[in-house]
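Novice: The listed protein sequences correspond, in order, to chains A and B. Per the numbering used here, the very first residue in the first sequence carries number 549; after that it's consecutive. Per the numbering used here, the very first residue in the second sequence carries number 2; after that it's consecutive. Sharing a structure with you now.
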Amino acid sequence: MKFLHYCLLLLLPVLLVPFVLLVPLASASSPQAYQDYLYQFDLYRRTYSDFTIAKNEYEKFKSLTSQTTALKNTTAMLSQRDGLLRAYLLLLNEKINENQGFQESRKIELRALVNAEIAFLDAHKGRAGSISSLEDATAMSQELESHYRVLQTILRQTIINISLGDLSALTRQFDTALSQSKELVTASRSTFAPQKQATIDRWLLQIQNVRQLYQQKIVEIEIKNNKLNELSLDGLDGAFRGIKGDLGQAKKYLTDGRGFLGELIEALRYQN
Amino acid sequence: MDNTSPLFPDTPTPTGDSETAAVLPPSPPIETITSIKRPLPRLWIIAIGVIGAGLITVLIVNTIINKPPVPISEVPQAPTPTPTPVRILSAIATQSAFSILNQTHASLSAGLTATNLDDPILSPPVLELPLGFKP
Numbered sequence: 549m550k551f552l553h554y555c556l557l558l559l560l561p562v563l564l565v566p567f568v569l570l571v572p573l574a575s576a577s578s579p580q581a582y583q584d585y586l587y588q589f590d591l592y593r594r595t596y597s598d599f600t601i602a603k604n605e606y607e608k609f610k611s612l613t614s615q616t617t618a619l620k621n622t623t624a625m626l627s628q629r630d631g632l633l634r635a636y637l638l639l640l641n642e643k644i645n646e647n648q649g650f651q652e653s654r655k656i657e658l659r660a661l662v663n664a665e666i667a668f669l670d671a672h673k674g675r676a677g678s679i680s681s682l683e684d685a686t687a688m689s690q691e692l693e694s695h696y697r698v699l700q701t702i703l704r705q706t707i708i709n710i711s712l713g714d715l716s717a718l719t720r721q722f723d724t725a726l727s728q729s730k731e732l733v734t735a736s737r738s739t740f741a742p743q744k745q746a747t748i749d750r751w752l753l754q755i756q757n758v759r760q761l762y763q764q765k766i767v768e769i770e771i772k773n774n775k776l777n778e779l780s781l782d783g784l785d786g787a788f789r790g791i792k793g794d795l796g797q798a799k800k801y802l803t804d805g806r807g808f809l810g811e812l813i814e815a816l817r818y819q820n
Numbered sequence: 002m003d004n005t006s007p008l009f010p011d012t013p014t015p016t017g018d019s020e021t022a023a024v025l026p027p028s029p030p031i032e033t034i035t036s037i038k039r040p041l042p043r044l045w046i047i048a049i050g051v052i053g054a055g056l057i058t059v060l061i062v063n064t065i066i067n068k069p070p071v072p073i074s075e076v077p078q079a080p081t082p083t084p085t086p087v088r089i090l091s092a093i094a095t096q097s098a099f100s101i102l103n104q105t106h107a108s109l110s111a112g113l114t115a116t117n118l119d120d121p122i123l124s125p126p127v128l129e130l131p132l133g134f135k136p
């Protein structure tokens, strides 16, 4: 019996260690993806710097040696550029997975958009091996350049959708609190003085008004977000900033509504 | 007139000779100022004493006046208590539905505080695409 007891004591840490190690890995996907993205960005910066130096030397000397170095460094930079964009898309994918506000169908829809871009970049990166001249490298770069507006639009639309998902999770909580308040107000209609009851009814209406304003803003954001793909690369950033401002305004409505709900709860807490 | 004759024949003319000095009657001893030892008049002693006492008094009074005041810990006056309105809990406040509503509200508040819609992690990378090789 004592032997069995000792055996269990020895086995316990052996069984617990893998469990303890695996739990953080399973729950830290987006931070890990972000670290990978930062690493890829660092690699990209280095390869881009090497590319710039090699390009300048080639344009200065036009020698075969400088041409070969320029070709090698350009190919490495093009490949790393795809790797960097891929790492960023993977980060967005993790953020979509972790978002509490999306329905599963919406997650699938958004992941499909991101995965299509990852597939494009993988195929593009695969062609880097066949580059044999600086003209080939330029042509390969132009492939990404011609697709870049689409890619940038999808990146921005996904970022906005992630924010909308965050707000959606909060909206669910807000709506639950609002419906719980309404039920309590209905149930306690006879317990309060008529004057207080009228105040409570008016406050409830005001909370619903704020909720409506919030909803209108969300619809406005969704329309603007869908229209991002009609814009040029230059107009994209301005529109993106505008939508971010709208997201802040939507959150403000929700925060105001939360404050009103708090006042209503305090009013319901006391008889007088 | 004989100019060499002494003006006062009785008075011996000092010649500087030791013989002549020995003849002259001894002159009274000259008293020097330093050697005068007269007792101070009583009036002066009284005056000095009065001045000294005055100075000491002034010093004492000055010390008392300039003495740093002992910090007096002022007891803050308690604000006049205003009668707290008696608030009676409503019948709903004790219901489980009310505490659930409270929890939902607290959870919503925490969620709103924690949500950052402008997450800096998500800012997309900015890249310089054209290679820029001169043809």
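We treat Cβ as the ideally placed atom computed from N, Cα and C, and that holds for glycine. Note that the coordinates shown come from a computational prediction; the quantities given were computed from them, not determined experimentally.
1. Are the C-beta of residue 711(A) and some C-beta of chain B separated by less than 8 Å?
2. Measure the C-alpha to C-alpha separation of residue 591(A) and residue 790(A) and round it to an integer number of angstroms.
3. Which residues of the segment 101 to 116 of chain B have a Cβ closer than 9 Å to any Cβ of chain A? Give them in chain order.
4. Please list, in chain order, the residues of the segment 713 to 737 of chain A that have any C-beta partner in chain B closer than 8 Å.
5. Helix, strand or coil for residue 819(A) per DSSP?
6. Below 8 Å, can you find three or more Cβ-Cβ pairs linking the segment 682 to 695 of chain A to the segment 776 to 792 of chain A?
7. Report yes if the C-beta of residue 735(A) is less than 7 Å from at least one heavy atom of the ligand GDP; otherwise report no.
8. Could you tell me the boundaries of the alpha helix (DSSP H) in which residue 679(A) lies?
9. Taking C-beta to C-beta, are residue 815(A) and residue 762(A) nearer than 8 Å?
10. List the residues of chain A that residue 1(B) touches, going by C-beta distances under 8 Å, in chain order.
11. Could you give the residue range of the alpha helix (DSSP H) that holds residue 629(A)?
12. Give, in chain order, every residue of the segment 790 to 810 of chain A whose Cβ lies closer than 7 Å to some Cβ of chain B.
13. Looking only at its own chain, which residues have a Cβ that is under 8 Å from the Cβ of residue 52(B), when we skip the five neighbours before and after it?
14. Please state whether the Cβ-Cβ distance between residue 809(A) and residue 106(B) is less than 8 Å.
15. Taking the alpha helix (DSSP H) that residue 660(A) falls in, what are its first and last residues?
16. Under the DSSP definition of a beta bridge, which residues are partnered with residue 118(B)?
17. Determine which residues share a DSSP beta bridge with residue 90(B) and list them.
18. What residues from chain A crowd round residue 131(B), counting only those whose CB sits closer than 9 Å?
19. Assuming residue 595(A) and residue 628(A) make a contact with CB atoms under 8 Å, what is their CB distance in whole Å?
20. Excluding the five sequence neighbours on either side, which residues of its own chain have a C-beta within less than 7 Å of the C-beta of residue 659(A), listed in chain order?
21. Does any C-beta atom of chain B lie closer than 8 Å to the C-beta of residue 589(A)?
22. List the residues of chain B whose Cβ lies closer than 8 Å to the Cβ of residue 769(A), in chain order.
23. Residues of chain B with CB under 7 Å from residue 675(A), in chain order?
24. For residue 84(B), would you say it is in contact with chain A, using Cβ-to-Cβ distances shorter than 8 Å as the test?
25. For residue 713(A), count neighbouring C-beta atoms within 10 Å of its own C-beta (all shown protein chains included) and say buried if the count is 16 or more, exposed if not.
26. So that I know if they touch, is there some Cβ in chain A lying closer than 8 Å to that of residue 125(B)?
27. How would you call residue 634(A), buried or exposed, if buried means at least 16 neighbouring beta carbons within 10 angstroms?
28. Measuring alpha carbon to alpha carbon, tell me which of 597(A), 581(A) and 801(A) ends up nearest residue 715(A).
29. Suppose contacts are defined by Cβ-Cβ distances below 8 Å. Is residue 606(A) in contact with residue 618(A) by that definition?
30. Helix, strand or coil for residue 78(B)? Go by DSSP, reduced to three states.
31. Output needed for residue 711(A): all residues of its chain with C-beta closer than 7 Å, excluding positions within five of it in sequence on either side, in chain order.
32. Taking Cβ-Cβ distances below 8 Å as the criterion, which residues of the segment 627 to 651 of chain A are in contact with chain B?
Specialist: Inspection of the coordinates gives the following:
1. The Cβ of residue 711(A) sits closer than 8 Å to at least one Cβ of chain B.
2. In a straight line, the C-alpha of residue 591(A) is about 32 Å away from that of residue 790(A).
3. Across the segment 101 to 116 of chain B, CB contacts with chain A closer than 9 Å involve 101, 102, 103, 105, 106, 108, 109, 110, 112, 113 and 116, in sequence order along the chain.
4. So the list reads 714, 715, 717, 718, 721, 722, 724, 725, 728, 729, 731, 732, 735 and 736, given in the order they occur along the chain.
5. Reduced to three states, the DSSP call for residue 819(A) is coil.
6. Touching, no.
7. In terms of ligand content, the structure shown is empty, and the ligand GDP therefore cannot be addressed.
8. From DSSP, residue 679(A) is part of no alpha helix (DSSP H); its letter is neither H nor E.
9. Going by C-beta atoms, residue 815(A) is not nearer than 8 Å to residue 762(A).
10. The first residue shown for chain B is 2 and the last is 136, placing residue 1(B) beyond what the model contains.
11. Run containing residue 629(A): 612 to 646, per the alpha helix (DSSP H) assignment.
12. Residues 792, 795, 796, 799, 802, 803, 806, 809 and 810.
13. Here the set comprises nothing.
14. Remark: C-beta atoms of residue 809(A) and residue 106(B) approach each other more closely than 8 Å.
15. 652 to 674 is the extent of the alpha helix (DSSP H) around residue 660(A).
16. Bridge partners of residue 118(B): none, in fact.
17. Partner(s): 818(A).
18. The contact set of residue 131(B) on chain A, defined by CB atoms closer than 9 Å, consists of 686, 689, 690 and 693 in chain order.
19. The pair is a contact, with the Cβ atoms about 4 Å apart (cut-off 8 Å).
20. Same-chain partners within the cutoff: 641 and 644.
21. By this cut-off, residue 589(A) is an interface position.
22. Within 8 Å Cβ-Cβ: nothing; residue 769(A) doesn't reach chain B, min ~11 Å.
23. Within 7 Å Cβ-Cβ: nothing; residue 675(A) doesn't reach chain B, min ~15 Å.
24. Chain A contact via Cβ: absent.
25. Counting the other Cβ atoms within 10 Å of the Cβ of residue 713(A) gives 16 or more, which makes it buried.
26. By the rule that beta-carbons nearer than 8 Å mark a contact, residue 125(B) touches chain A.
27. Taking a 10 Å sphere around the C-beta of residue 634(A), we find 16 or more other C-beta atoms and assign the residue as buried.
28. Nearest neighbour of residue 715(A) by Cα position, chosen from 597(A), 581(A) and 801(A), turns out to be 801(A).
29. Yes, the Cβ-Cβ distance between residue 606(A) and residue 618(A) is below 8 Å.
30. The three-state reading of DSSP puts residue 78(B) in coil, since its state is none of H, G, I, E or B.
31. 795.
32. Within the segment 627 to 651 of chain A, those residues whose Cβ lies closer than 8 Å to any Cβ of chain B are, in chain order, 629, 632, 633, 636, 639, 640 and 643.
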